[in-house]
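Q:
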Amino acid sequence: MTAERSGAENIDRTLALLWRARGGAGEPTRGRRPTLTVERIVAAAITVADADGLAAASMHRVAKELGAGTMTLYTYVPGKTELVDLMVDDVLVERRLPGPGEPRPADWREQVALYASRTGDAYRNHPWLCEVSRVRPPLGPGQLAGQEYLLSIMDGLGLPPRDAVAAANGIGTYVDANAALGAENTRLERSTGQSTEAWWHQRSSFWENHFTVEGHPAINRAWLGGGFGGTAEAQGEAAYEFGLHRMLDGIQALVSGDTSSP
Numbered sequence: 018m019t020a021e022r023s024g025a026e027n028i029d030r031t032l033a034l035l036w037r038a039r040g041g042a043g044e045p046t047r048g049r050r051p052t053l054t055v056e057r058i059v060a061a062a063i064t065v066a067d068a069d070g071l072a073a074a075s076m077h078r079v080a081k082e083l084g085a086g087t088m089t090l091y092t093y094v095p096g097k098t099e100l101v102d103l104m105v106d107d108v109l110v111e112r113r114l115p116g117p118g119e120p121r122p123a124d125w126r127e128q129v130a131l132y133a134s135r136t137g138d139a140y141r142n143h144p145w146l147c148e149v150s151r152v153r154p155p156l157g158p159g160q161l162a163g164q165e166y167l168l169s170i171m172d173g174l175g176l177p178p179r180d181a182v183a184a185a186n187g188i189g190t191y192v193d194a195n196a197a198l199g200a201e202n203t204r205l206e207r208s209t210g211q212s213t214e215a216w217w218h219q220r221s222s223f224w225e226n227h228f229t230v231e232g233h234p235a236i237n238r239a240w241l242g243g244g245f246g247g248t249a250e251a252q253g254e255a256a257y258e259f260g261l262h263r264m265l266d267g268i269q270a271l272v273s274g275d276t277s278s279p
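Using the working numbering, you'd call the opening residue of the sequence shown number 18 and step up by one each time.
1) May I ask you to verify whether the region 114-121 touches the region 155-173, counting CB pairs closer than 8 angstroms and requiring at least 3?
2) Would you list, in sequence order, the uninterrupted beta strand (DSSP E) runs of no fewer than 3 residues that lie entirely inside the region 204-246?
3) Between the C-alpha atoms of I63 and S273, what's the straight-line distance to the nearest angstrom?
4) Taking L261 as part of the alpha helix (DSSP H), name the residues at either end of that continuous run.
5) Suppose you measure from the CA of N237 to the CA of E231; what does that come to, to the nearest Å?
6) Can you tell me whether DSSP reads W125 as helix, strand or coil?
7) Taking the runs of the alpha helix (DSSP H) that are 4 residues or longer, which of them lie wholly in the region 65-133?
8) Roughly how far, in whole angstroms, is the beta-carbon of E148 from the beta-carbon of L71, given that I think they are within contact range, below 8 angstroms?
9) DSSP on T190, reduced to helix/strand/coil?
10) Could you give the C-beta distance for G137 and G187, rounded to a whole number, given that I count them as a contact under 8 angstroms?
11) When we look at the beta-carbon of V152 and count the other beta-carbons within 10 Å, is it buried (16 or more) or exposed?
12) Report back the beta-carbon spacing between L167 and A185 to the nearest angstrom; my notes put them in contact at under 8 angstroms.
13) Can you name, in chain order, every residue of its own chain whose Cβ lies under 7 angstroms from the Cβ of Y257, other than the five neighbours on each side?
14) For a quick check, are the C-beta atoms of L103 and L34 less than 8 angstroms apart?
15) Would the region 125-139 count as touching the region 80-88 if we require 3 or more Cβ pairs under 8 angstroms?
16) Which residue wins for smallest C-alpha separation from R57, given the options L100, A73 and T31?
17) Is any heavy atom in the ligand HEM found nearer than 7 angstroms to the beta carbon of G242?
18) Can you grab the Cα-Cα spacing for the pair R263 / A130, in whole Å?
19) Buried or exposed for H77, going by 16 or more other Cβ atoms inside 10 Å?
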């Protein structure tokens, strides 16, 4: 799968659109009174992508959904790339992560769990997010709110700035990557009409015809010991929880000054 690239050519224009709620780019001021808004355009694009995938959210399709001409959209948003940036950041804003001075769980691990839960919800509700490369993310309110939230947690633990940034980025990368895997699974199930469990069942002959104990003794031992019990979804969830908790354990050990573990 090729990820949709997010990152516009007109940087200043895109940043102004992303931060429009704080006095950035407004609506067109010349000519007749605008019948559209950037918010309506982005909301329509998200609705289309939720239903039919990111590729379907073309400028033409979004304009049609709004009952407007395609060229009209270009007076609000420069193009599809910029529209994707706006869509992604609006979805990230939907997480409603606690900002500075706002109530949040008392325990720092519960604060991380809140980030993980709401980020997972964002990807589940908008599976097309897994099609967008987050390597060069839109620098909008949603992106910055997530980074501020995680960094505030690590800063609150008293970690040095470099360690705090590394820990926050590590948690964010891990959570986002796993949420994207879940979204990709949802997207595949919708597009193929086949569940992941059905996909694995269809390939059950592999174990009899191609798998050898001699070539894969560790896999065999894990199988005999019940390591692969449960559905594929349950195994994926267990792997995710295991990794996240071990990462947080490591941060806790660092905060506590316990250097006995590597």
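Ideal Cβ positions, reconstructed from N, Cα and C, are used throughout, including at glycine. Just so we're clear, the structure is a prediction, and the values are computed from it rather than from any experiment.
A: Let me lay it out:
1) Put simply, the region 114-121 touches the region 155-173. At least three CB pairs are less than 8 angstroms apart.
2) Correct list: empty.
3) Rounded to the nearest whole angstrom, the C-alpha separation of I63 and S273 is 44 angstroms.
4) Where L261 is concerned, the enclosing alpha helix (DSSP H) starts and stops at A249 to S273.
5) Rounded to whole angstroms, N237 to E231 spans 9 angstroms at the Cα level.
6) Residue state, collapsed to three classes: helix.
7) As far as the region 65-133 is concerned, its whole alpha helix (DSSP H) runs of at least 4 residues are 76-83, 87-90 and 97-110.
8) Going by Cβ atoms, the distance from E148 to L71 rounds to 5 angstroms, so yes, they are a contact pair.
9) Note: T190 maps to helix in three-state DSSP.
10) Between the beta-carbon of G137 and that of G187 there is about 17 angstroms, and that puts the pair past the 8 angstroms contact cut.
11) Classification of V152: exposed, given that the 10 Å Cβ count is below 16.
12) That pair is a contact at about 4 angstroms.
13) Answer for Y257: N195, listed in chain order.
14) A contact, by the Cβ cut-off of 8 angstroms.
15) No contact exists between the region 125-139 and the region 80-88.
16) Residue nearest to R57 within the set L100, A73 and T31 is L100 (criterion: CA-CA distance).
17) The ligand HEM is not part of this structure, which contains no ligands at all.
18) Answer to the nearest angstrom: the Cα atoms are 13 angstroms apart.
19) If you draw a 10 Å sphere on the C-beta of H77, you find fewer than 16 other C-beta atoms in it, and that means exposed.
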